[in-house]
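Residue numbers (the UniProt record's numbering): 1 to 318.
Ideal Cβ placement from N, Cα and C applies to all residues, glycine included.
Presented below is the structure to which this report refers.
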């Protein structure tokens, strides 16, 4: 088969469409003929040489796919050849085929085209597990989403709004702010012009920045608030004012998804199918697709992501 390999750490030009060995199907695996994958920030970091796949995962980038089941391992009961599915991966999505532990495979939600479904697994599992399972966002509470126009941001805005929360999102331009409002955000804050901590008091904050936003995030938390950090785009180390944290009886959580075991991911996947897929099927939450790019041209898709001009997901289509 063919897949995108990283020739060496570097820019988008190091992504090469090459012949590679077919994946081996273990007893608990589902082999998927890939229809599409999607570009995530983790893929960029892997391309740059700073984020190796977890042990046992394919070396190719790609944390999610949609496609058709080609084969199932001897221990798999929940899926059969011909099923249309999408899946959460530890790696290997930029390829014609991928073998995935069955726990990480999901049916395509009702009403979602197969290609568009490639943009759902990573954002749905990330948002549901962090905002609702860890952050325990409840109806009527306020969610602050950093990077509201990103793939994760656009999904978080829609899902939180559909479940009855007040949603605030940070964005980098007026145009992105308008698009995020269309998706359901009650307020937007242009981080280039305003300090979000001067404008927002939130019960839950979903943060992709890390160190750069830590002080502001703690300041923006309400009493009993929960800060969930899922990215380090703004650095790894910062000073934390524990006095403010204690006074607010607040909590700071740091989580990752990629390195978890198949069983841990499976628990999240099952919860997503139970709680999120009905909302997707009803049209209350939809994948937001910025562009569809041929998979062989993954370098072009990475340039789009690097530019920061996109809204939603960039898909790689077979």
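Of all C-beta pairs linking the region 126-135 to the region 152-169, three or more are shorter than 8 Å, placing the two stretches in contact.
Ranked by Cα distance from residue 208, the first of 4, 224, 144 and 165 is 144. Per DSSP, reduced to three states, the secondary structure at residue 295 is helical.
In this structure, residue 151 sits near residue 313, with a CB-CB distance shorter than 8 Å.
Separation of residue 212 and residue 202 (C-alpha to C-alpha, rounded to the nearest whole angstrom) is 18 Å. Non-local beta-carbon contacts of residue 37 in its own chain, meaning distances under 6 Å to residues more than five positions away in sequence, involve 62, 65, 93, 94, 118 and 316 in chain order.
The beta-bridge partner set that DSSP reports for residue 273 is empty.
When rounded, the separation of the alpha-carbon atoms in residue 34 and residue 53 is 19 Å. With 16 or more other CB atoms across the displayed protein chains lying within 10 angstroms of its CB, residue 225 is buried. If you look at residue 219, you'll find it in the alpha helix (DSSP H) that goes 214-220. Residue 121 places its beta carbon less than 8 Å from that of residue 87. As the crow flies, the alpha-carbon of residue 97 is around 29 Å from that of residue 279. In this structure, the beta-carbon distance from residue 23 to residue 55 does not fall below 8 Å. Taken atom to atom, the span from the alpha-carbon of residue 116 to that of residue 292 is near 9 Å. Excluding sequence positions up to five before and after residue 238, its CB lies within less than 6 Å of the CB of 211 and 214, all in the same chain and listed in chain order. Taking C-beta atoms under 8 Å as the contact rule, residue 298 and residue 45 fail to qualify, at a distance of about 15 Å. DSSP places residue 237 in the coil class of the three-state scheme, outside both helix and strand. Here the alpha carbon of residue 229 sits roughly 12 Å from the alpha carbon of residue 235. According to the DSSP assignment, residue 5 belongs to no alpha helix (DSSP H) but to the beta strand (DSSP E) extending over 2-6. Shown here, residue 311 sits in coil according to DSSP, grouped into three states, outside any helix or strand. Annotated three-state conformation of residue 290 is strand, per DSSP. Minimum Cα-Cα distance from residue 18 among the listed residues 108, 171, 6 and 26 corresponds to 6. Residue burial annotation: residue 178 is exposed, with fewer than 16 other C-beta atoms found within 10 angstroms of its C-beta. Remark: C-beta atoms of residue 149 and residue 171 approach each other more closely than 8 Å.
Between residue 79 and residue 30, the beta carbon gap of about 5 Å places them in contact (Cβ cut-off 8 Å). The beta carbon of residue 105 lies closer than 7 Å to those of 30, 79, 85 and 87 in the same chain, with the five residues before and after it left out.
Within the same chain, 229 come within 7 Å of residue 254 by CB-CB distance, once the 5 residues on both sides are set aside.
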